[in-house]
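Beneath this line is the structure, given in structure tokens, with notes to follow.
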Amino acid sequence: MDKPHIVTASELQRSSGKVLRRVAQDNQHLIVERDGYRVAAMVPYPEYEALMRLRASAAHRQLVRALGARAEQQGLIEAALAEDVEAAQRQVYAERYRNAGTQR
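If you read the sequence shown in the working numbering, its first letter stands for residue 55, the second for the next number, and so on.
Quick look at the structure:
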């Protein structure tokens, strides 16, 4: 990845079309500075989408770990949960088809 280029906020304001073209067409990464402070980054949209997918994936992994730890604390194990789900499915199936037979 190339080193990002610095653009001042006033330059962005004066030449927004040119700056956006640098990002979109030339695939440049730009850092926007205002009063000497870095306030924003501009990257091509496909890279932004990829970043958002990575963040969502990381958040999902964190949630799964937290749920796994919580289930473990409560003594829930995967095999027992799978058995419970199968039992619930059998019960729903039996109720659905038992009731369907009596409605004729």
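Note that beta-carbon positions come from the ideal geometry of N, C-alpha and C, so glycine has one too.
Residues near residue i in its chain [Cβ-Cβ closer than 8 Å; skip 5 each side]
| i | result |
| --- | --- |
| residue 93 | 63, 86 and 87 |
| residue 65 | 73 |
Own chain partners of residue i with C-beta closer than 6 Å, once the 5 adjacent residues on each side are dropped
| i | result |
| --- | --- |
| residue 95 | 85 |
Length of the line joining the Cα atoms of residue i and residue j
| i | j | result |
| --- | --- | --- |
| residue 77 | residue 110 | 24 Å |
| residue 121 | residue 147 | 28 Å |
| residue 143 | residue 129 | 22 Å |
Nearest to residue i (by Cα), restricted to the options the options
| i | options | result |
| --- | --- | --- |
| residue 83 | 135, 102 and 152 | 102 |
| residue 57 | 74, 81, 70 and 73 | 81 |
Buried or exposed by the 16-neighbour rule on C-beta atoms within 10 Å, applied to residue i
| i | result |
| --- | --- |
| residue 118 | exposed |
| residue 61 | buried |
| residue 73 | buried |
Where residue i falls: helix, strand or coil (DSSP)
| i | result |
| --- | --- |
| residue 108 | helix |
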